[in-house]
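So the structure is just underneath, and the comments pick up after that.
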Amino acid sequence: MPNAILDQAIHDARSRLGSLLDDFGQFAASLHNAGLQKTIASLQENIQQPFLFVVIGEVKAGKSSFVNALLDSDVCDVGADPRTNVVTKIVHSDRGDYTLDLKPGLLKEMGRPVPILEQIAVVDTPGTNSPFIEHEEITKEFIPNSDLVMFVFFAKNPYTNSAWDLLNFTHDEWKRPTVFVLQQADIADAVELETAQEYVKQEAMRRGIEAPLIYSTSAKLELEGQSEQSGFEPIRSFVRDRITGGQSYRLKLQSNMSAASQILNRLETDMEQLRQQVETDRAVAEQIKGRLTQGRGQSRYELDSLVERLLAQYDRITTQIKDEFREGLTVFVLAKRSIIGIFNRSERVETWMEQLKERSKKELESNLEETSREGAKHFVTGIQQLIRRIIEDLSSLQNVDLRNTEIAVPILEHRYAVIEDVKGKVGNVLNDAAFLDFMAAKAESVGPGMASGGILAVVGGTIAAVTEVVILDILGGIFLGLGVVLAGGILITKRRAMIQKFDRELDKNRDRFRSSITEQLQSKLGIVYEEIDRNLIDLYQYVEDQEASAAPLLAQFQSLTTQSQSISGEIDQL
Numbered sequence: 121m122p123n124a125i126l127d128q129a130i131h132d133a134r135s136r137l138g139s140l141l142d143d144f145g146q147f148a149a150s151l152h153n154a155g156l157q158k159t160i161a162s163l164q165e166n167i168q169q170p171f172l173f174v175v176i177g178e179v180k181a182g183k184s185s186f187v188n189a190l191l192d193s194d195v196c197d198v199g200a201d202p203r204t205n206v207v208t209k210i211v212h213s214d215r216g217d218y219t220l221d222l223k224p225g226l227l228k229e230m231g232r233p234v235p236i237l238e239q240i241a242v243v244d245t246p247g248t249n250s251p252f253i254e255h256e257e258i259t260k261e262f263i264p265n266s267d268l269v270m271f272v273f274f275a276k277n278p279y280t281n282s283a284w285d286l287l288n289f290t291h292d293e294w295k296r297p298t299v300f301v302l303q304q305a306d307i308a309d310a311v312e313l314e315t316a317q318e319y320v321k322q323e324a325m326r327r328g329i330e331a332p333l334i335y336s337t338s339a340k341l342e343l344e345g346q347s348e349q350s351g352f353e354p355i356r357s358f359v360r361d362r363i364t365g366g367q368s369y370r371l372k373l374q375s376n377m378s379a380a381s382q383i384l385n386r387l388e389t390d391m392e393q394l395r396q397q398v399e400t401d402r403a404v405a406e407q408i409k410g411r412l413t414q415g416r417g418q419s420r421y422e423l424d425s426l427v428e429r430l431l432a433q434y435d436r437i438t439t440q441i442k443d444e445f446r447e448g449l450t451v452f453v454l455a456k457r458s459i460i461g462i463f464n465r466s467e468r469v470e471t472w473m474e475q476l477k478e479r480s481k482k483e484l485e486s487n488l489e490e491t492s493r494e495g496a497k498h499f500v501t502g503i504q505q506l507i508r509r510i511i512e513d514l515s516s517l518q519n520v521d522l523r524n525t526e527i528a529v530p531i532l533e534h535r536y537a538v539i540e541d542v543k544g545k546v547g548n549v550l551n552d553a554a555f556l557d558f559m560a561a562k563a564e565s566v567g568p569g570m571a572s573g574g575i576l577a578v579v580g581g582t583i584a585a586v587t588e589v590v591i592l593d594i595l596g597g598i599f600l601g602l603g604v605v606l607a608g609g610i611l612i613t614k615r616r617a618m619i620q621k622f623d624r625e626l627d628k629n630r631d632r633f634r635s636s637i638t639e640q641l642q643s644k645l646g647i648v649y650e651e652i653d654r655n656l657i658d659l660y661q662y663v664e665d666q667e668a669s670a671a672p673l674l675a676q677f678q679s680l681t682t683q684s685q686s687i688s689g690e691i692d693q694l
């Protein structure tokens, strides 16, 4: 009964681990990571297969002889030159010996009717110092799926770097269980063997393996029947205790679970970086929107202030015009101008009105132009500062980039190009001197021409009325013998009406001036911000699309992490 319960627990754990690996496969597909998909597919295959040994070492270290002696079968070719020129997977066969090319020139499978292969499969790899560069790459592809890695060294020379470099990949990157074998121990004397064992021990500990398992073996002595001297019994005991005994499948599940956990560990930094990137991109996009809102408000305030300054200048100058008009429209001044004007054209009333009109025009244009230029400068400078801040915001996004990670989602690969493009477009607005000069010129020209034009129309329309009054009421009265006093009395009544009308027209012109310059300046404001907004559309859209793509990935990763922790604990309890 206890055995049945244990078997069912192992079956359930294997089933859950299989489902977890299925989810891992879907997640890897979502990441568009072909390499990760391949690794997970191998783990999925491996969970249904016997325990997997990977034998690694330099060329001529005696790896093939070691495998033959361990399995008590001539399953590997042995010779003076490197015979293992492809990765060779040795598995149990119920139908006799066979050899199958799984990947011609890269990987072959050899079936052998050897009992120990019912519990384990062995991968014999090309040497780490092979003259063929592809050999080490093939070896590295098998390591993530291994349940046990055996590093085989020539007993007289375990000091070569290539095998030790591969140990870094095996232990640091994939955390595979590892044992060390000093092969051909029969040709090393006791001092050499002890020195080699101590070196391997220290080197392994230096690379993070706290209690390295080291076996000294001689395949030659084993094949000659000298089992007690060959050193193979200790390593066979290790295989029986850890592999072919009752704990074999639990260890296999632990090994596969460890590989799955290591994948999560490798992805954790990338997924956290993705989460931070999504949050940062969203925050920067919102910050840019906030800057634009604040900038638009500031620009609107500056233009409103410009309007008020222009109106203040308008009021000051029109007050002077009104005062001069009143003073020049007294009875005696008009009578004097009218009489003298008969003989001197420059003293006529209409000449005075023309001069008043020209002085008003000149003063208005001079003062309003200066005020407009100053306001336009502030307006354009504010826009330039805003654009520079936006470019700084966009530049900050380029400090985070997922292009060199395990995540290969297409939209993430486009991020850099999108940011560069948007940054370039916004920068073009800043660098487009013609556009900024155009906006400044438009802002400058709105006030002076409109104000002076309106006043010219008011003053010009008043000239005819005043001239008509002078001719009819003053000159006419004198010629008719009514006298200046009587004629002046008639003028007083009309003067009051003319002054009131003159004031009203100037006030109306002020309202039109305010309305028109406000409308035109706000229009220019709209053009600028519409141009900036238009150039940022791609960024806003990218942020939305990236968030939509990343959210499911982050949720999947969190789910996989939770499931892995749960299943790992379940396997540890077996």
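Residue numbers are given in this note's numbering: position 319 of the sequence shown equals residue 439, and the series is strictly consecutive.
Note that CB positions come from ideal geometry on N, CA and C, so glycine has one too.
The structure displayed is predicted, hence computed values, not measured ones.
8 Å Cβ shell around residue i - same chain, five flanking residues per side excluded
i, result
"Leu126", "Confidence at Leu126 is low in this model, with a pLDDT of 38, below 50, so the placement of that residue should be treated as unreliable; the coordinate-derived value is given next. So the qualifying residues of the chain are Leu694."
"Val198", "Ser184, Ser185 and Asn188"
"Phe289", "Lys260 and Ile263"
"Leu600", "Unreliable positioning characterises Leu600 in this predicted model, as indicated by a pLDDT of 38, which lies under 50. The coordinate reading is nonetheless provided below. Result list for Leu600: empty, nothing under 8 Å."
"Tyr434", "Leu484, Leu488, Ala571, Arg630 and Phe633"
"Ile258", "Val206, Val207, Leu226, Leu227, Thr245 and Pro246"
Cα-Cα separation, residue i to residue j
i, j, result
"Glu483", "Arg468", "23 Å"
"Arg624", "Lys481", "18 Å"
"Val586", "Ile437", "Legend: pLDDT at Val586 = 49, less than 50; position of this residue unreliable, value from coordinates given subsequently. So the two alpha carbons sit approximately 21 Å from each other."
"Ile643", "Arg420", "The question names Ile, yet the displayed sequence has Ser at residue 643. Roughly 11 Å between the two C-alpha positions."
"Gln418", "Thr681", "49 Å"
"Glu178", "Gly345", "26 Å"
"Ser684", "Glu392", "18 Å"
"Phe271", "Glu690", "31 Å"
"Asp221", "Glu229", "6 Å"
"Ala129", "Leu156", "29 Å"
"Val698", "Gln676", "In the structure displayed, the chain extends from 121 to 694; residue 698 sits before or after that span and is not available."
"Asn551", "Leu488", "28 Å"
"Glu318", "Ile176", "20 Å"
"Asp692", "Ser336", "31 Å"
"Ile531", "Arg508", "27 Å"
"Leu641", "Gln407", "26 Å"
"Pro246", "Ser679", "39 Å"
"Gln168", "Asn265", "12 Å"
"Gly351", "Lys340", "11 Å"
"Ala154", "Ile240", "28 Å"
"Arg386", "Ala324", "23 Å"
"Asp132", "Asp309", "51 Å"
Own chain partners of residue i with C-beta closer than 7 Å, once the 5 adjacent residues on each side are dropped
i, result
"Val663", "Asp401, Arg402 and Ala405"
"Ile460", "Glu467"
"Gly538", "According to the sequence displayed, residue 538 carries Val and not Gly. These residues qualify, in order along the chain: Asp658, Leu659 and Tyr662."
"Ser516", "Val404"
"Gly448", "Trp472"
Nonlocal neighbours in the same chain, by C-beta distance under 6 Å from residue i, ignoring five residues either side
i, result
"Pro235", "none"
"Arg136", "Ile687"
"His212", "Leu237 and Glu238"
"Lys194", "Strictly speaking, residue 194 in this sequence is Asp, with Lys absent from that position. Cβ within range, chain order: Asn188."
"Ser62", "The question about residue 62 has no answer here: the residues shown for the chain are numbered 121 through 694."
Residues sharing a beta bridge with residue i, DSSP
i, result
"Ser336", "Leu302"
"Leu532", "Answer is none; Leu532 lacks a bridge partner."
"Asn277", "Phe274"
"Ala283", "None, per the DSSP bridge assignment."
"Tyr218", "Gly231"
"Val243", "Val174 and Lys209"
"Lys699", "Since the first residue shown for the chain is 121 and the last is 694, residue 699 is missing from the structure and cannot be characterised."
"Val359", "According to DSSP, Val359 bridges with nothing at all."
"Leu268", "Phe173"
CB contact flag (residue i, residue j, <8 Å)
i, j, result
"Leu151", "Glu526", "yes"
"Ile329", "Val320", "no"
"Asp267", "Ser375", "yes"
"Leu514", "Lys543", "yes"
"Ser772", "Gln304", "Summary: the structure shown does not reach residue 772, with the chain confined to residues 121 through 694, and so no result is reported for it."
"Leu412", "Val546", "no"
"Pro232", "Val269", "Rather than Pro, the amino acid found at residue 232 in this sequence is Arg. Contact: no."
"Ile160", "Phe144", "yes"
"Ala331", "Phe273", "no"
"Arg429", "Thr389", "no"
"Phe358", "Val243", "no"
"Gln666", "Arg535", "yes"
Minimum Cβ-Cβ distance from residue i to chain B less than 8 Å
i, result
"Asn464", "Among the protein chains of the structure shown there is no chain B, as only one such chain exists."
Residue i Cβ short of 7 Å to the ligand NAP heavy atom set
i, result
"Leu387", "Judged by which ligands are present, the structure shown has none, so any question about the ligand NAP falls away."
Q: Return the chain-ordered ranges of every beta strand (DSSP E) run that is complete within the region 152 to 216 and spans a minimum of 3 residues.
A: Here the runs fully enclosed are 171 to 177 and 207 to 212.
**Q.** Runs of alpha helix (DSSP H) wholly within the region 352 to 431 (minimum 4 residues, chain order)
**A.** Counting only runs of 4 or more, we get 352 to 359.
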